[in-house]
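Numbering (full-length UniProt numbering), first residue to last: 1 to 148.
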């Protein structure tokens, strides 16, 4: 069975909810899902997954959340050739660098040899109906990219 691993960072609960929406959509498509908070997992754990997903928020003015920095740095050292990846998360349009952490993770995934399976999804604060539809589409694109 195809395995998707979702690693997330969430301060207010918005990004955890985004990760939950993606996990449920993947499960509805017949994918096995493991979801873990970023401080509870190693970047090398993605080596066991077919689909690798990071859901993160962007802190302050475009910064990675403190709790996911180590994971981000470790991800640079992992070979994910043959894996499919996707990134999503939340931010606040009040700031100049809306959802910049998502862009940062997209860039580092591209150096790992993984293939981007879906367009990244940016959510302004909490997921609303249109965001939920975009996240469900994101999940479907990842599954299709994985050949399922």
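The beta-carbon is built from N, C-alpha and C at its ideal position, and this holds for glycine as well. The structure presented is a predicted model; accordingly, all values stated were derived computationally and were not measured.
Could you give the C-beta distance for residue i and residue j, rounded to a whole number, given that I count them as a contact under 8 Å?
{"i": "residue 85", "j": "residue 53", "result": "7 Å"}
{"i": "residue 72", "j": "residue 35", "result": "18 Å between Cβ atoms; not a contact."}
{"i": "residue 136", "j": "residue 25", "result": "4 Å"}
{"i": "residue 146", "j": "residue 117", "result": "7 Å"}
{"i": "residue 67", "j": "residue 111", "result": "With a Cβ gap of about 22 Å, residue 67 and residue 111 do not count as contacting."}
{"i": "residue 90", "j": "residue 123", "result": "5 Å"}
{"i": "residue 92", "j": "residue 125", "result": "6 Å"}
Between which two residues does the alpha helix (DSSP H) holding residue i run?
{"i": "residue 109", "result": "100–110"}
{"i": "residue 18", "result": "14–28"}
{"i": "residue 72", "result": "69–75"}
Can you list, in chain order, the residues of its chain whose CB lies under 8 Å from that of residue i, leaving out five sequence neighbours each side?
{"i": "residue 104", "result": "64 and 72"}
{"i": "residue 11", "result": "57, 59 and 65"}
{"i": "residue 48", "result": "3 and 5"}
{"i": "residue 141", "result": "86, 117, 118 and 119"}
Over what stretch of residues does the beta strand (DSSP E) that includes residue i continue unbroken?
{"i": "residue 132", "result": "First-last for residue 132: 129–145, but that is the alpha helix (DSSP H), not the beta strand (DSSP E)."}
{"i": "residue 5", "result": "3–8"}
{"i": "residue 94", "result": "Premise fails: residue 94 is in no beta strand (DSSP E) and is neither H nor E."}
{"i": "residue 63", "result": "First-last for residue 63: undefined, no H or E at that position."}
{"i": "residue 35", "result": "32–37"}
{"i": "residue 121", "result": "121–124"}
Excluding sequence positions up to five away, which residues of its chain have a Cβ less than 7 Å from the Cβ of residue i?
{"i": "residue 23", "result": "6, 33 and 35"}
{"i": "residue 42", "result": "74"}
{"i": "residue 15", "result": "8, 9, 55, 56, 57, 89 and 90"}
{"i": "residue 37", "result": "8"}
Do you know how far the Cα of residue j is from the Cα of residue i?
{"i": "residue 50", "j": "residue 30", "result": "13 Å"}
{"i": "residue 138", "j": "residue 121", "result": "7 Å"}
{"i": "residue 109", "j": "residue 76", "result": "8 Å"}
{"i": "residue 78", "j": "residue 18", "result": "25 Å"}
{"i": "residue 148", "j": "residue 115", "result": "15 Å"}
{"i": "residue 119", "j": "residue 45", "result": "23 Å"}
{"i": "residue 70", "j": "residue 81", "result": "21 Å"}
{"i": "residue 28", "j": "residue 13", "result": "22 Å"}
{"i": "residue 21", "j": "residue 83", "result": "21 Å"}
{"i": "residue 1", "j": "residue 127", "result": "29 Å"}
{"i": "residue 107", "j": "residue 94", "result": "23 Å"}
Kindly list the residues whose CB is nearer than 6 Å to the CB of residue i, restricted to its own chain and excluding five residues on each side of it in sequence; keep chain order.
{"i": "residue 134", "result": "121"}
task = Mind the definition here: the stretch 48–63 touches the stretch 98–107 only if three or more C-beta pairs lie below 8 Å; say whether that holds.
result = Short answer: they touch.
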